[in-house]
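Numbering (our numbering), first residue to last: 20 to 555.
Below is one structure, written out as structure tokens; the observations come after it.
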Ligand SMILES: Cc1cc2nc3c(=O)[nH]c(=O)nc-3n(C[C@H](O)[C@H](O)[C@H](O)COP(=O)(O)OP(=O)(O)OC[C@H]3O[C@@H](n4cnc5c(N)ncnc54)[C@H](O)[C@@H]3O)c2cc1C
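Structure (structure tokens):
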């Protein structure tokens, strides 16, 4: 059987099965949308295989393709390039549906309650865009699909302060990063700044201006931060001249307009080289040496998560870009089960949550935050040096006035967890403890206790349960597990195997002091430049 006829057969099987097991015509239509256009065939031999299409994977694919190398990308999620029956590719945050969650039958919204009442609801099980992956002590939110986290995230594109860089990536030259790779990453990602005159008056950023007023009255530094959302588009949304996305509260489950996700930046450029192919709904489960190449086992998924086919391909070089959790889980399993026994003892170690904690504050009735709130944050409160916290002034786009200020804090939480293989369940566990979040809460409180005391306000207790103040059960920013210069050399080459690389958030040891994707992208730019110059 030729590769082409095999993949056609498999695709036929995918859509037929989805029609049978799906819960209706919406699912069936969407199953077709998730089909891989030119999926890799069983028995293929490729020069380079990249696992995952997030920031690290997209940088690797583009730069390798520009250097003349053919690249096969393998992505477990969907393509997200075809509208559903409502004419939109992505579901709205206010009405999650089958597209919203990765293989869940009920939503797992980060803000689980409103006025104390649970707001989660049943949905059909589907290979949706946001994975709420549960470990025993923490829920890790991640994007699934072509573009990885860039599909679901808030787009905050923050370069850390240079004075903090030594603690973020101690073995990397700050001169090189700030002179070359951060600027390169920001340019390629399409980072832009909000027009401050517009920001000062527009209704959809009233919540951010209230955030500024409260921060400054308590003496904290307030800073506007860049974003990858097209700020000119948002202006037009606000003026009512184009279809709304951010101003309609779209976030978490994708933005239908305006956001420059990786599909529109790195991946568009990579595809334009003609050297990059992406196989969607394909999940890598094993990588093991095979002569001078590697044998890679890939499961092709149906949109209900079941396995349609298992393929084995050969790759001369493999880049692990499955995200901090995805790469760490794979490599931890492959070392423990003997597929890659020569990986070193650092695999799985040094994982952190970027200190994420969430909290809401209840404002006075004379301090409304606005019924129209854009989902795209542009502001932060910086108390890193004194209190170990950088707080994003986040939206609460409910469509009604809530008198709430909401924040996602990044803190200097020092706790680090480890992944380990559990042979009795055949899964990878993470030993993060719920109580470890207290360090982050204490740092965030250096900002919000003070603001509450200045303003005479209190914390909201209705957003994460009944009478629960802190969103301390989750992270949006998983980092580490395959730490640079420990599990790999100083450029991401995995110890023990030539031709295997890690090139994503797994390299960053647990904290970036700000939102992480600009650092992940810049580090990938630095590492791939060296790898292309010396290994190819
Ligand atoms: C809700 C939310 C909001 C966020 N907001 C911001 C923000 O405003 N600013 C910021 O800087 N960061 C933000 N982040 C974090 C940011 O998105 C991540 O740090 C970033 O995406 C990580 O990049 P990465 O390259 O390491 O991996 P990812 O972007 O996670 O990409 C990994 C890809 O690999 C795929 N994959 C995993 N395992 C396999 C496998 N076995 N086989 C095949 N494919 C696989 C995944 O489906 C995914 O597409 C946010 C994250 C979330 C969830």
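Just so you know, even glycine gets a beta-carbon here, dropped at the ideal spot from N, CA and C.
Would you say residue 176 touches ligand 1, meaning its beta carbon is less than 8 Å from a heavy atom?
For ligand 1, at least one heavy atom lies less than 8 Å from the Cβ of residue 176.
So, does the region 335-355 touch the region 367-384, judging by three or more C-beta pairs under 8 Å?
Segment contact: the region 335-355 against the region 367-384, three or more CB-CB distances shorter than 8 Å; contact assigned.
For residue 100, which of 512, 390, 282 and 400 has the nearest alpha-carbon?
Comparing Cα positions, the closest option is 282.
At a cut-off of 8 Å, would you count residue 525 as near ligand 1, judging by its Cβ distance to the nearest heavy atom?
Checking the Cβ of residue 525 against ligand 1 gives yes.
Simplified DSSP assignment, three categories, for residue 401
Looking at residue 401 - three-state DSSP - the assignment turns out to be strand.
Using 9 Å as the threshold, is the C-beta distance between residue 470 and residue 133 below it?
Going by beta carbons, residue 470 and residue 133 fall outside the 9 Å limit.
Residue 128 versus residue 553 - alpha carbon distance
The C-alpha of residue 553 is placed about 45 Å away from the C-alpha of residue 128.
Ranges of the alpha helix (DSSP H) found wholly within the region 387-470, counting only runs of at least 4
At a cut-off of 4 residues, the continuous stretches assigned as alpha helix (DSSP H) that sit fully inside the region 387-470 are 403-406.
Any contact of the region 319-338 with the region 418-437, i.e. 3+ C-beta pairs under 8 Å?
Because the criterion of three Cβ pairs below 8 Å is not met, the region 319-338 and the region 418-437 do not touch.
Per-residue burial, residue 55 [other beta carbons within 10 Å of its own, 16 or more giving buried]:
Any answer about residue 55 is weak, because its pLDDT of 40 lies below 50 and its placement is not dependable; what the coordinates show is given next. The residue is buried, with at least 16 neighbouring Cβ atoms inside 10 Å.
Taking only the alpha-carbon atoms, compute the straight-line gap between residue 178 and residue 231 and give it to the nearest angstrom.
Answer to the nearest angstrom: the Cα atoms are 20 Å apart.
For residue 190 and residue 355, what's the separation of their Cα atoms in angstroms?
Whole-angstrom Cα-Cα distance: 27 Å.
Quick check: is the beta carbon of residue 165 nearer than 9 Å to any beta carbon in chain D?
Absence of chain D from the displayed structure is noted, only one protein chain being present.
For residue 337, report the span of its beta strand (DSSP E) as first-last.
Going by DSSP, residue 337 is part of the beta strand (DSSP E) stretching over 326-339.
Cβ contact (3+ pairs, closer than 8 Å) linking the region 110-122 and the region 141-155
Contact between the region 110-122 and the region 141-155 is established, with three or more Cβ pairs separated by less than 8 Å.
Alpha-carbon spacing of residue 331 relative to residue 317, whole angstroms
For residue 331 and residue 317, the distance between alpha carbons rounds to 6 Å.
Taking the straight line between their C-alpha atoms, what separation do you get for residue 212 and residue 548?
The alpha-carbon atoms of residue 212 and residue 548 are separated by roughly 28 Å.
On a CA-only basis, which of 551, 392, 459 and 538 is nearest residue 15? Give me that one, please.
What is shown of the chain runs 20 to 555, which leaves residue 15 out entirely.
Work out the CA separation of residue 334 and residue 66 for me, nearest whole Å.
Cα to Cα, the separation comes out at about 5 Å.
Flag this pair as yes or no: are the beta carbons of residue 271 and residue 306 separated by less than 9 Å?
Going by C-beta atoms, residue 271 is not nearer than 9 Å to residue 306.
Does DSSP classify residue 113 as helix, strand or coil?
Residue 113 falls in the coil class under three-state DSSP.
Beta-ladder partner(s) of residue 308, from DSSP:
Answer is 313.
Find the nearest neighbour of residue 478 within the set 467, 485 and 484, judged by alpha-carbon distance.
Each of 467, 485 and 484 was checked against the Cα of residue 478, and the nearest Cα belongs to 467.
The region 195-209 touching the region 284-293, judged by at least three CB pairs closer than 8 Å
Judged by Cβ distances under 8 Å, the region 195-209 makes contact with the region 284-293, as three or more pairs qualify.
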